[in-house]
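As structure tokens, the structure follows; a few thoughts come after it.
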Amino acid sequence: MDDLYREVIIEHYKNPSYRGKLDPHDISFADNNPLCGDHIQIDLRVGIDGLVTDARFDGHGCAISQASADLLLESIIGKPVEEVKQLNKQDLLDLLGIDLGPVRLKCALLSLKVLKAGVYGLGEASDSLVE
Amino acid sequence: MGAREFTEMEHHSNLVPWHMLQAERGIELEFIPVTEAGVLDLETYKSLLARTPKLVSFTHMSNVLGTINPAAEIIHLAHGAGAIVLVDGAQSVPHLKVDVQALDVDFYAFSAHKMCGPTGIGALYGKSALLESMPPFLGGGDMIKEVKLRSFRANTLPHKFEAGTPAIAEAVGFGAAVDYLCKIGMENISAHEHEIIEYALDCLEEIPVVKVFGPSADKKGGVAAFILEGVHPHDVAQILDRDGIAIRAGHHCAQPLHEKFGIPATSRASFYLYSTKDEVDMLVNGIYKVKEMFG
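This is the structure we're talking about:
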């Protein structure tokens, strides 16, 4: 079976645990990948202790982009927002457990970009957030 | 400023320059709708012509749907309404025999890199009376007949529009590509592609979860844009790629067309003079493999 489409990726794509929206939420951010049209919105709830209490993503895109969003949110629930701010490209690739070429890397990193722009309270998600 | 008419199936390259001109000069843009079957709605076109557009411009062949538009009829109607016609032939010239004089088209543009030639060069055909009436758009080099300290005289056609040092290597490569295609014969290329696309559409339509966009094989060129239910086009392309099958996934620089069909992207298999039925079989087997992986 193809490495890029490990069962875990297909599983998270087909049956995501964190797909949806949160209303109310404390943080919400959305962005798309202009090259392929993948779109991701992430909503977060944050407790007074600064921990992420709940998270959801919504949007559409390839298996890599959607599975990476699901895996990413799974990994941050219960973590301090300050820690989420420090997540980088390698953290996400470790979650996915696959090697990606430059084009598909953008698919995988979209959710991290959206998440970081959200927690930093930025107006725009830039690629430098995930370098 | 008067309207200009286009179609909903244009490549971005025949939309964005007009958007820029709209911002600069306030020209109005109108669009001939694409039907569910993937062809132009000519009845609406006829009613749009009542607005006496200055220009009608359309793609001869859709790079997504493969639709070969009835160019002669569209041009004839446009001329009847007093419009000038510019045709985007980037997809048609590589695949069809095109006779610009028989079409009576005013301007016809195409690119070398779609017809086995180099990147960065193309050709614009224009009726000489129109080209004569137009000022040069770039200054320097070959476009000059004579220069005085405070004035210049423009060169004759086609030099008037070929400023600067030409793309010499590209032009030689372009010429070689044209010779190559002519030697094979454009009718032979069209006939071969027709055979392949007919076979490909038959095979693809047999796959229950595949939906192909565009008209039937008799109305289109050698391109099949499709979606596989439940799988994103990029995943389809990536998995096929690993088996040595190169297709394109995305909006193919025709975002408004995809929006019209309510989808963000399609997978697109393109066929040319070198494509074979065996390759179509590989594509079909590959799609079954993708389908299996995504259960």
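Residue numbers (the working numbering), protein chains in the order written: chain Z, 1120 to 1250; chain U, 5 to 299.
Note that CB positions come from ideal geometry on N, CA and C, so glycine has one too.
Please read these numbers as outputs of a predicted model, since none were measured by experiment.
C-beta contact flag for residue i and residue j at 8 Å
i	j	result
U:G379	U:Y276	As shown, chain U starts at 5 and ends at 299. That puts residue 379 of chain U outside it, with no answer to give.
U:L135	U:L161	yes
U:Q95	U:H64	yes
Z:I1195	Z:V1203	yes
Z:G1180	Z:H1158	yes
U:G130	U:F114	no
U:F10	U:S61	yes
U:A258	U:A204	no
U:I243	U:M286	no
Z:L1163	Z:I1146	yes
U:L69	U:P219	yes
Z:S1136	Z:F1176	no
U:V235	U:V294	yes
U:I125	U:A167	no
U:L81	U:Y49	yes
U:H255	Z:G1156	yes
U:M190	U:F165	no
U:I36	U:K224	no
U:I200	U:V284	yes
Contact set for residue i: own chain, Cβ-Cβ below 7 Å, skip 5 residues either direction
i	result
Z:K1208	L1228, V1249 and E1250
U:L107	A75, A76 and I79
U:T169	G145
U:V214	L208, F230, L232 and I291
Z:R1223	I1183
C-alpha distance - residue i paired with residue j, whole-angstrom precision
i	j	result
Z:P1199	Z:H1131	24 Å
U:A253	U:E263	15 Å
Z:D1246	Z:K1232	7 Å
Z:Q1205	Z:L1192	15 Å
U:V97	U:M119	8 Å
U:A181	Z:K1235	49 Å
Z:V1165	Z:E1201	11 Å
U:T39	U:A75	17 Å
U:V151	U:P122	33 Å
U:M138	U:S155	18 Å
U:G86	U:P57	8 Å
U:A250	U:V102	28 Å
U:G144	U:R157	11 Å
U:P260	U:V20	12 Å
U:V104	Z:Q1185	48 Å
Z:L1241	Z:A1149	11 Å
U:R29	U:L59	15 Å
U:E197	U:D222	11 Å
Z:I1167	Z:L1212	30 Å
Z:M1120	U:R246	Here Z:M1120 scores only 45 on pLDDT, less than 50, and its place in the model is too uncertain to base an answer on.
U:I211	U:T270	16 Å
Z:D1173	Z:G1237	14 Å
U:L185	U:S194	11 Å
U:K281	Z:A1188	40 Å
Local conformation of residue i per DSSP, three classes
i	result
U:V20	helix
U:M190	helix
U:A181	helix
U:A229	strand
U:K101	coil
U:G290	helix
Z:L1215	helix
U:S155	strand
U:F275	coil
Z:S1071	No answer is possible for residue 1071 of chain Z: it lies beyond the span of chain Z, which begins at 1120 and ends at 1250.
Z:P1199	strand
Z:K1133	helix
Z:M1120	Because Z:M1120 sits at a pLDDT of 45, beneath the cut-off of 50, its placement in the model cannot be relied upon, and the following sentence gives the value as read from the coordinates. Coil at Z:M1120, not helix or strand.
Z:A1182	helix
Z:S1147	strand
Z:V1249	helix
Z:K1140	coil
Z:D1210	helix
U:V213	coil
Z:G1156	coil
U:V43	coil
U:L25	helix
Nonlocal neighbours in the same chain, by C-beta distance under 6 Å from residue i, ignoring five residues either side
i	result
Z:D1210	none
U:R55	A7
U:E14	T63
U:E32	A7
Z:V1127	none
Nonlocal neighbours in the same chain, by C-beta distance under 8 Å from residue i, ignoring five residues either side
i	result
U:H83	V89 and D108
U:S17	D92, A94 and C257
U:Y278	none
U:S132	L161
At 4 residues or longer, and completely inside the segment 110 to 138 of chain U: list those alpha helix (DSSP H) runs for me, N to C.
-> Qualifying alpha helix (DSSP H) stretches, in chain order: 132 to 137.
Just list the beta strand (DSSP E) runs in the segment 47 to 104 of chain U, keeping only unbroken ones of 3 residues or longer that don't cross its boundaries, in chain order.
-> If only complete runs of 3 or more residues are kept, the segment 47 to 104 of chain U shows the beta strand (DSSP E) at 59 to 63 and 88 to 92, in order along the chain.
Those runs of the alpha helix (DSSP H) which lie wholly inside the segment 229 to 262 of chain U and span at least 4 residues | List check, alpha helix (DSSP H) in window: 237 to 246.
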